[in-house]
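Asker:
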Amino acid sequence: MALRFLVVEGNTRGARQAHRQAYGLTLSESYADVIQGIDREAVCDIAFPTDEGANLPDAAGLESYDGIVLTGSHLNIYDRTPDILRQIDLMRAVYASRTPSFGSCWGLQVAAVAADGDVRPNPLGREVGVARKITRTEAGQGHPMLDGRPPAFDAPAIHLDMVTALPGDCTVLAGNAISPVQAAEIRQDGGVFWGVQYHPEFSLGELAAILGRRTDMLVTEGFCRTTEDAVAYTQDLAALDRDPTRFDLAWRHGIDAEVLDPQRRVREIRNFIEHRVKTAKSARGRA
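For any residue, its number in this note's numbering is found by taking its place in the sequence shown, counting from 1, and adding 135.
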């Protein structure tokens, strides 16, 4: 029987439309494509908790899924607006459902806050483009979410906020010089969440589409000296996405196979499906 996933979109309607215009898909549609690229038979539903009156799954509905995935978002969780509070409440219900769950960036932050952790702006500033030297902790060295990753690796990333106070039952699996919590396992109310602060689901093309709408930010925050430099950077990422053999571009931007190779880049999502989703489904089948 095909695996059923719920992909929870973290963006508001306007941000979803902007991402679709830039990239052709919303974040949740793109994430669903990644899941179906790993498991061709997977069925993915999409939920929009930022939309007031959205028809969100109840407890039984959440339990009917084999896995639940939370996308990134442009929101800041400490604002605690109604569209954010709905996502926190939904994540608490996900924990209680005990359905295996995974999240990237915003997804990790929502999961942390829903388990009584905290998220704040990073005093070191934004991490953007590629997160460098993400290093596995001692706990992360033997954790199945990071199976196949080297002791230190790079990954696509864009975030200003980070987990600043850990939930009560949280194991940090990886960190780097910018964010000490780059990967974690959180346990709450019988549920288990695996999450990362970076974006294994992002191709360089999707990252280029996001940064192409934020060239002013790249200049204002000092990542690029001019708008032309920022545009050139996003164009290089897009070109490298179209042709990963462009050694000149990979060398220029220090991008290695952990990012370029889609099989290696999505390792955490693949491991989530193999080690959490399929294992949990098999256990339920034996019960």
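Glycine included, every Cβ here is placed at the ideal spot set by N, Cα and C.
Given CYS179, which residues of its chain have a CB within under 7 Å of its CB, disregarding the five upstream and five downstream residues?
Answerer: The residue labelled residue 179 in the question sits at position 44 within the sequence shown. Excluding residues within five positions, the ones whose Cβ falls inside 7 Å are PHE140, VAL142, ALA167, ILE170, GLN171.
Asker: Name the two residues that bound the continuous beta strand (DSSP E) containing ILE219.
Answerer: On the sequence shown, position 84 is the one that residue 219 refers to. That residue, ILE219, is in no beta strand (DSSP E); its alpha helix (DSSP H) goes 217–232.
Asker: To the nearest whole angstrom, what separates the beta carbons of VAL229 and LEU197, a pair I think is in contact under 8 Å?
Answerer: Here the question's residue 229 lines up with position 94 in the sequence shown. Here the question's residue 197 lines up with position 62 in the sequence shown. About 6 Å separates the two Cβ atoms, so the contact holds.
Asker: Taking the beta carbon of PRO302 as the centre, do at least 16 other beta carbons fall within 10 Å, making it buried, or is it exposed?
Answerer: For the purposes of this step, residue 302 is taken as residue 167 along the sequence shown, with counting starting at 1. Buried, by the Cβ-count rule.
Asker: Name the residue from ASP324, SER236, ASP364, ASN211 whose alpha carbon lies nearest to the alpha carbon of THR414.
Answerer: Within the sequence shown, numbered from 1, the residue matching residue 414 stands at position 279. Closest by alpha carbon: SER236.
Asker: What does the alpha-carbon distance come out to for the pair ASP201 and LYS416?
Answerer: Position 66 of the sequence shown, counting from 1, holds the residue named residue 201. Position 281 of the sequence shown, counting from 1, holds the residue named residue 416. Looking at the two C-alpha atoms, the distance is approximately 6 Å.
Asker: Touching or not, the stretch 233–248 and the stretch 362–370, by the rule of three or more beta carbon pairs under 8 Å?
Answerer: At 8 Å Cβ cutoff, the stretches do not touch.
Asker: At what residues does the beta strand (DSSP E) containing SER163 begin and finish?
Answerer: On the sequence shown, position 28 is the one that residue 163 refers to. It is not in any beta strand (DSSP E) - SER163 instead sits in the alpha helix (DSSP H) that spans 162–173.
Asker: What span of residues does the alpha helix (DSSP H) with PRO258 cover, start to end?
Answerer: To locate residue 258, count along the sequence shown from 1; it is residue 123. No alpha helix (DSSP H) contains PRO258, which DSSP labels as neither H nor E.
Asker: At what residues does the beta strand (DSSP E) containing ILE203 begin and finish?
Answerer: Position 68 of the sequence shown holds residue 203. 202–205 is the span of the beta strand (DSSP E), which, as asked, contains ILE203.
Asker: Given ALA231, which residues of its chain have a CB within under 6 Å of its CB, disregarding the five upstream and five downstream residues?
Answerer: For this step, residue 231 is matched to residue 96 along the sequence shown. Cβ neighbours of ALA231 beyond the five flanking positions: ASP324.
Asker: For ALA318, which residues in the same chain have their Cβ closer than 6 Å to its Cβ, ignoring the five residues on either side in sequence?
Answerer: Mapped onto the sequence shown, residue 318 falls at position 183. The residues are LEU308, ALA309, VAL331.
Asker: Kindly indicate the opening and closing residues of the beta strand (DSSP E) around MET280.
Answerer: Locating residue 280 in the sequence shown gives position 145, counting from the first residue. Careful: MET280 lies outside any beta strand (DSSP E) and carries neither H nor E.
Asker: Looking at the strands, I want to know which residues DSSP matches up with PRO291.
Answerer: Counted from its first residue, the sequence shown places residue 291 at position 156. Looking at the DSSP assignment, PRO291 forms a beta bridge with VAL265.
Asker: So what does ASP364 bridge to, in DSSP terms?
Answerer: Position 229 of the sequence shown holds residue 364. Per DSSP, none; premise fails for ASP364.
Asker: Count the other CB atoms, across all protein chains shown, that sit within 10 Å of the CB of MET297; report buried if there are 16 or more and exposed otherwise.
Answerer: Here residue 297 refers to the residue found at position 162 when the sequence shown is read from its first residue. Result: buried.
Asker: If you run the structure through DSSP and keep just helix, strand and coil, what is GLY325?
Answerer: As a working mapping, residue 325 is identified with position 190 in the sequence shown. In the structure shown, GLY325 sits in coil (DSSP, three-state: anything other than H, G, I, E or B).
Asker: Pick out whichever of ARG360, VAL265, GLN152, PHE337 has its Cα sitting closest to the Cα of SER314.
Answerer: As a position in the sequence shown, residue 314 is number 179, starting the count at 1. Among ARG360, VAL265, GLN152, PHE337, the Cα nearest to that of SER314 belongs to VAL265.
Asker: Do you know offhand how far GLY277's Cα is from TRP329's?
Answerer: The residue given as residue 277 occupies position 142 in the sequence shown. The residue given as residue 329 occupies position 194 in the sequence shown. C-alpha separation (whole angstroms): 14 Å.
Asker: Give the C-beta separation of SER163 and GLU144 to the nearest angstrom, bearing in mind that I take them to be a contact with Cβ-Cβ under 8 Å.
Answerer: In the sequence shown, residue 163 corresponds to position 28, counting from 1. In the sequence shown, residue 144 corresponds to position 9, counting from 1. Yes, SER163 and GLU144 are in contact; Cβ-Cβ is about 4 Å, under 8 Å.
Asker: Residues in the same chain with beta-carbon distance under 6 Å from TRP241, minus the five sequence neighbours each way, listed in chain order, please.
Answerer: By one-based count along the sequence shown, residue 241 stands at place 106. Only GLY145, GLY207, SER208 meet the Cβ criterion.
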